[in-house]
Amino acid sequence: MRFAFSSLPKRLPLAVALAATAALVVALSASANVSVTIIATDPFTNPTSQHATIVEPDTYSFGSSIVAASQWGRFTDGGASDIGVSVSTNNGTSWTAQALPGITGFTNPPGPYARVSDPSVAYDARHQVWMVSSLALDASVNGAAVILSRSTNGGATWNNPVNVAVAGAGQDFDKNWTVCDNDDRSTFYGSCYTQWDDFGHGNLLKIAYSRDGGLTWKLSKTPRVGVIGGQPLTLPNGNVVVPIDNASETALGYTRSTNGGVKFGQAFTITSITAKADPGNIRSGPLPSAEISNDGKIYVVWEDCRFRSGCSQNDLVYVTSTNGTTWSAVQRIPIDSIPSTADYFIPGVAVDKGTLGANIHVAVEYYYYPNVNCTFATCQLDVGYISSTDGGSTWSAAQQLRGPMTMSWLPDTTQGRMVGDYMSTSFDDFGLAHPVFAEAYAPPTGDCVTSTPLCNQPLEVPTTGLPAAAGANVANDPVVYTAPSNPGAAAFRIR
0 MRFAFSSLPK RLPLAVALAA TAALVVALSA SANVSVTIIA TDPFTNPTSQ HATIVEPDTY
60 SFGSSIVAAS QWGRFTDGGA SDIGVSVSTN NGTSWTAQAL PGITGFTNPP GPYARVSDPS
120 VAYDARHQVW MVSSLALDAS VNGAAVILSR STNGGATWNN PVNVAVAGAG QDFDKNWTVC
180 DNDDRSTFYG SCYTQWDDFG HGNLLKIAYS RDGGLTWKLS KTPRVGVIGG QPLTLPNGNV
240 VVPIDNASET ALGYTRSTNG GVKFGQAFTI TSITAKADPG NIRSGPLPSA EISNDGKIYV
300 VWEDCRFRSG CSQNDLVYVT STNGTTWSAV QRIPIDSIPS TADYFIPGVA VDKGTLGANI
360 HVAVEYYYYP NVNCTFATCQ LDVGYISSTD GGSTWSAAQQ LRGPMTMSWL PDTTQGRMVG
420 DYMSTSFDDF GLAHPVFAEA YAPPTGDCVT STPLCNQPLE VPTTGLPAAA GANVANDPVV
480 YTAPSNPGAA AFRIR
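Oh and the sequence shown: position 382 is 381 in numbering that gives the first Met the number 0, straight run, nothing missing.
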């Protein structure tokens, strides 16, 4: 059945709504889809946001706990009413949710910022701190600060945020991401790293590090290069690698630190990016999703059309590295065979930290159109899942998790209808994957934009964790499309 959001009171007091959200565990199922649990709904009622909308989840797991953070109450021109967290302490069996305090004027207690965006979840095992970094926005929708909310009791309660960095004159921060070094073999065990860019100065790379559980942060020395969408990773030896797009999203590269984030070296190109604009007015792009195994194998996944004649549609592709300096050739994830009609985008990759070497388990969730030849009126959006039990040598059959969704059901932004610029999957203690995603349902008028004050887009997860499955699907497709020549576009250039 479908969860009937329209049956909920439209002007629920925030405290009551948050209490209802915290206790919310609603199982949903649909033909050809898996059963899912709603783990968060947007409880806010400020008239300036689109409600009920949740977008752009990130997740992290440690032990039996999984924490998901997402934007609650999306504004059309950027940011949300608040960042909310959904927490499971029993490997995804049950969940509670709450809004983070002290960020925006809509929260309780209220904070100093007008809006907030870009949640990223991390855990510091040495200091036993859960943390969510986010991008605080001012009234002009500029990136005013990168902030960090902390929990020292397993996600039960969260403190008002601390500053990672505050924007100065002319600065406009964007796209933060946080990770902590949880490997006790590492020289820098217990260090945390947050990366973002300064859009106000050509998307300049910015990184900061913390040694005290995220309480205080120091700026790293970084190369002067324009970037967007980095996801830092820590290797077993303590080196930090940041896979990241260049500012124009025409190349994937990396920068690396060997001294605990004090200094990052020159940014190098891994590969060019060749991506097609997805149809249907969906907000998407080739931002990387990156993860690392416990023995240090890096996986970076993004959308790319190089394996399709004429760049007709996007596949999900990936590169790997075992040291963060040398990288594999680009490989296609064989969700389907070529030729096909589908278009794939917005991946979220997970690596099971309990698996190693030739037996690394990898899971990828993603959005897709079964038929790329569609328009805003006809595109049908689905959520999919695929996995590997041999480090990506072979892949399982792809699985539809949810859908179809009609594009008019999604909240609107100045860059298209939105489910998120990224999404996320995490493995639990038992080796089961928990892909978290936003799913839209038909709002009262059929169009989220005109359904004031309610849309109908909650945050969901499969009710039962998904295994990484063995498979025989192999991708050895040749590259058949190269983007038109644009000298320098695929390079990481010093600014």
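Yeah, the Cβ is synthetic: ideal placement off N, Cα and C, and Gly gets one too.
Treat the numbers as computed from the prediction; the structure is a model and nothing was measured.
Is the CB of Val-131 under 8 Å away from at least one CB in chain C?
As a matter of chain content, chain C is missing from the structure shown, which is built from one protein chain.
On a Cα-Cα basis, can you pick out the residue from Gly-259, Val-224, Ser-219 and Lys-220 that is closest to Pro-235?
Residue Gly-259 is the option with its Cα nearest to Pro-235.
What three-state label does DSSP hand Trp-408 in the structure shown?
Three-state DSSP puts Trp-408 in a helix.
Could you please give me the residues that DSSP links to Gly-142 through a beta bridge?
Gly-142 is bridged to Leu-136.
Pairs of beta-carbons, one from the stretch 227-242 and one from the stretch 164-182, closer than 8 Å: are there three or more?
A contact exists between the stretch 227-242 and the stretch 164-182.
CA-CA distance, Thr-325 and Ile-297?
Going by the C-alpha atoms only, they are around 11 Å apart.
Tell me the start and end of each unbroken alpha helix (DSSP H) in the stretch 342-395 that is at least 4 residues and wholly inside, in chain order.
Complete alpha helix (DSSP H) runs here, min 4: none at all.
How about Ile-82 and Ile-102: are their beta carbons less than 8 Å apart?
Closer than 8 Å, so yes.
Would Gln-456 and Leu-380 qualify as a contact pair, given that the criterion is a beta-carbon distance under 8 Å?
Not a contact, by the Cβ cut-off of 8 Å.
Restricting to Cα atoms, I'd like to know which of Asp-427, Ile-272 and Ser-116 is closest to Pro-509.
Absent from the structure is residue 509, since the part of the chain shown begins at 0 and ends at 494.
Going by DSSP, name the residue or residues bridged to Trp-129.
Answer is Tyr-122 and Ser-150, bridged to Trp-129.
Rounded to whole angstroms, what is the Cα-Cα separation between Thr-481 and Arg-305?
Those two C-alpha atoms are separated by around 6 Å.
CB-CB under 8 Å to Asn-45, same chain, minus the five flanking residues each way: which ones, in chain order?
Only Gly-72, Ser-80 and Phe-105 meet the Cβ criterion.
Report yes if the C-beta distance between Leu-465 and Leu-431 is below 8 Å; otherwise report no.
Yes, these two residues count as a Cβ contact at 8 Å.
State the Cα-Cα distance for the pair Val-120 and Val-33, rounded to the nearest angstrom.
Approximately 25 Å, taken between the alpha carbons.
Which residue from Asn-90, Ser-63, Ser-48 and Ile-272 puts its Cα closest to that of Gly-77?
When only C-alpha atoms are compared, the closest one is Ser-48.
Could you have a look at Ser-308 and say whether DSSP puts it in helix, strand or coil?
Residue state, collapsed to three classes: helix.
From the DSSP output, in three-state form, read off Cys-454 for me.
Note: Cys-454 maps to coil in three-state DSSP.
Taking the beta strand (DSSP E) that Tyr-192 belongs to, which residues open and close that run?
Taken as a continuous stretch (DSSP letters only), the beta strand (DSSP E) holding Tyr-192 covers 191-197.
Could you work out which residue in Val-371, Val-84 and Val-316 is closest to Pro-333 when comparing CA atoms only?
It is Val-316.
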